[in-house]
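The structure appears below as structure tokens.
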Amino acid sequence: MLPEGSREAFVALLEAAEEQLKCQHVVVVFEKDRPDRATLIRTFMFLGFAILSPTSPIVPPSLGAHNVCMLYLIE
1054 MLPEGSREAF VALLEAAEEQ LKCQHVVVVF EKDRPDRATL IRTFMFLGFA ILSPTSPIVP
1114 PSLGAHNVCM LYLIE
């Protein structure tokens, strides 16, 4: 479960990335061995993120092995 207001804050961050920063995508990265990994994956998927392959060109090689990287495409 997320702390109250955190979902709204994250959605506001995504909106700022799109509208103010003109980003084409957003990547979140967290360690694979986190105890709340499954919850984080579900939460970010609910927000529209997809899991990236560790070999994706978007993922720096130094991050792929020990982390989960998720991509949100801004249209």
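All residue numbers for the sequence shown refer to the working numbering, where the first residue is 1054 and numbers rise by one. In this text, a Cβ means the ideal position worked out from N, Cα and C, and glycines have one as well.
Counting along the chain, Glu1084 sits inside the beta strand (DSSP E) bounded by residues His1078 to Glu1084. With 16 or more other Cβ atoms inside 10 Å of its own Cβ, Met1123 counts as buried. Cβ contact annotation for Ile1111 (same chain, cutoff 8 Å, sequence separation greater than five): His1078, Val1080, Leu1105, Cys1122 and Leu1124, in chain order.
DSSP links Leu1126 through a beta bridge to His1078. Of the candidates Phe1063, Lys1085, Glu1128 and Gln1073, the residue whose Cα lies closest to the Cα of Pro1107 is Lys1085. Leu1126 has its alpha-carbon roughly 20 Å from the corresponding atom of Pro1114.
Shown here, Ile1111 sits in coil according to DSSP, grouped into three states, outside any helix or strand.
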